[in-house]
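Before any comments, here is the structure.
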Amino acid sequence: MGFIKNVLKNLFKENTIILKQRISENAYRIKIKGENIKTTDFIPGYFLRVGVGFEDDKLSLHNSVRSYSVWNIDKIDGTMDLAVATHSKGVGAKWIAECKEGDIVRYNWKKGTFILDDTADSYLFVGDLSALSHLYIIQRNLPQSKQIESIVYSSHKDELYADINESMPLNFYELPENPVDEIIGIIEKIVPKMTGKKMVYIGGDSRVCVTLNRYFKNELNWNSKQIKTKPFWNPDKKGLE
Ligand SMILES: Cc1cc2nc3c(=O)[nH]c(=O)nc-3n(C[C@H](O)[C@H](O)[C@H](O)COP(=O)(O)OP(=O)(O)OC[C@H]3O[C@@H](n4cnc5c(N)ncnc54)[C@H](O)[C@@H]3O)c2cc1C
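Following our numbering, the numbering of the sequence shown begins with 152 at its first residue and continues without gaps.
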């Protein structure tokens, strides 16, 4: 293993996978447990940089780490859940398909700005399978009084899974990859129904993030503070962040 990769591996926290479940044709859930989770500072939207390729000497440093959002955290039990999609078929997809209960997971915390913001009255959530767990934890942690609208899509609707508490608070659509025109058509119907101060979270495919960011800014004249976007993957790149 390369020197830097080895140093990084030793700096990462170590937790154990205590549960692995297939939650749809192309997504797995894992629950990890560790004492350090009990004392961690956490805001919904924080994510992990997971060492998915530390054990494979042939993988570069860039190809050894992938980002995954925290779907749920239980600080009393010291557990966290992640939901990982496998459409990419890359090192991250291979790692989630092959890992098993009892395995060690190494990770580092990342915070960013794609996190819970409860200052709006109405929210629109837009994203694909890779961003679903991230959208769920933000939505679940907003007060009940907030108006929630959503467009969560996949080319196979049955790949989209329920939230960790079995609820289905978001609206699912069967749409092809990069369906910006279809999404804008749906947004045009939803936005007039949104009341008070509005906010949108857009996560997943970078092409959708970029186009919708521009649309909300330039066509709908939303302030940049109302638009939260985070590209999770890019068709021309491997891994992001
Ligand atoms: C902040 C952040 C949080 C994230 N949280 C999650 C999460 O909770 N769950 C999750 O599943 N993913 C999440 N991702 C995305 C995840 O890190 C990437 O999907 C991951 O890099 C894919 O890794 P890979 O090694 O399998 O494929 P890579 O080697 O990175 O990519 C291989 C190929 O697959 C393509 N690709 C990547 N993702 C997809 C996709 N979803 N659909 C279609 N093609 C794809 C790439 O463009 C590339 O061509 C997050 C990303 C970021 C930046």
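By construction, the Cβ of each residue, glycine as well, lies at the ideal position given by its N, Cα and C atoms.
Just so we're clear, the structure is a prediction, and the values are computed from it rather than from any experiment.
Mind checking who THR141 pairs with in its DSSP beta bridge? The chain is shown from 152 up to 392; residue 141 falls before or after that span and cannot be answered.
Does the beta-carbon distance from GLY241 to ILE353 come in below 8 Å? The residue given as residue 241 occupies position 90 in the sequence shown. The residue given as residue 353 occupies position 202 in the sequence shown. Going by C-beta atoms, GLY241 is not nearer than 8 Å to ILE353.
Could you give the distance in angstroms between the alpha-carbon of LYS340 and the alpha-carbon of ASP268? Residue 340 sits at position 189 when you count from the first residue of the sequence shown. Residue 268 sits at position 117 when you count from the first residue of the sequence shown. Distance between the alpha carbons of LYS340 and ASP268 is about 24 Å.
Cross-strand partners of PHE198 (DSSP beta bridge): The count along the sequence shown starts at 1 and reaches residue 198 at position 47. Answer by DSSP bridge pairing, in chain order: SER220 and LYS261.
Taking 7 Å as the cut-off, is the beta-carbon of GLY278 closer than that to any non-hydrogen atom of ligand 1? By 1-based counting over the sequence shown, the position of residue 278 is 127. For ligand 1, not one heavy atom lies less than 7 Å from the Cβ of GLY278.
For MET345, which beta-bridge partners are listed by DSSP? Position 194 of the sequence shown, counting from 1, holds the residue named residue 345. Answer is none; MET345 lacks a bridge partner.
Would the beta-carbon of GLY253 fall within 8 Å of that of ILE168? Numbered from its first residue, the sequence shown carries residue 253 at position 102. Numbered from its first residue, the sequence shown carries residue 168 at position 17. A contact, by the Cβ cut-off of 8 Å.
Using three-state DSSP, classify ASP232 as helix, strand or coil. Translated into the one-based positions of the sequence shown, residue 232 becomes position 81. ASP232 falls in the strand class under three-state DSSP.
Could you tell me the distance, in whole angstroms, from the CA atom of TYR304 to the CA atom of LEU283? Your numbering for residue 304 matches position 153 in the sequence shown. Your numbering for residue 283 matches position 132 in the sequence shown. Roughly 9 Å between the two C-alpha positions.
In whole angstroms, what is the alpha-carbon distance linking ASP232 and ASN177? Taking the first residue of the sequence shown as 1, we reach residue 232 at position 81. Taking the first residue of the sequence shown as 1, we reach residue 177 at position 26. Straight-line Cα distance between these residues: approximately 17 Å.
Quick check on THR380: buried or exposed, where buried means 16 or more other Cβ atoms within 10 Å of its Cβ? Translated into the one-based positions of the sequence shown, residue 380 becomes position 229. For THR380, the number of other beta carbons within 10 angstroms of its own is at least 16, and it is reported as buried.
Please report the Cβ distance between SER239 and GLU392, rounded to the nearest whole angstrom; I am assuming they are in contact, meaning their Cβ atoms lie under 8 Å. In the sequence shown, the residue the question calls residue 239 occupies position 88. In the sequence shown, the residue the question calls residue 392 occupies position 241. With 8 Å as the limit, SER239 and GLU392 do not qualify as a contact, their Cβ atoms being about 14 Å apart.
Assuming ILE181 is part of the beta strand (DSSP E), what are its boundary residues? Counting from 1 along the sequence shown, the entry for residue 181 is found at position 30. Unbroken beta strand (DSSP E) run through ILE181: 178-184.
Identity of the residue in ARG200, TYR274 and VAL256 nearest GLY263 by Cα: If you number the sequence shown from 1, residue 263 lands on position 112. Measuring from the Cα of GLY263, the nearest candidate turns out to be ARG200.
What do you get for PRO294, buried or exposed, if any count of 16 or more other CB atoms within 10 angstroms of its CB means buried? The residue you call residue 294 lines up with position 143 of the sequence shown. That one is exposed.
So, at 8 Å on beta carbons, what are the nonlocal neighbours of ILE334 in its own chain, with the 5 sequence-adjacent residues on each side left out? For this step, residue 334 is matched to residue 183 along the sequence shown. Excluding positions up to five away in sequence, the list reads VAL277, ILE302, TYR304, LEU326, VAL359 and LEU363.
Distance cut-off 7 Å: LYS344 Cβ against heavy atoms of ligand 1: Here residue 344 is taken as the residue at index 193 of the sequence shown, counted from 1. It does not: the Cβ of LYS344 is nowhere closer than 7 Å to a heavy atom of ligand 1.
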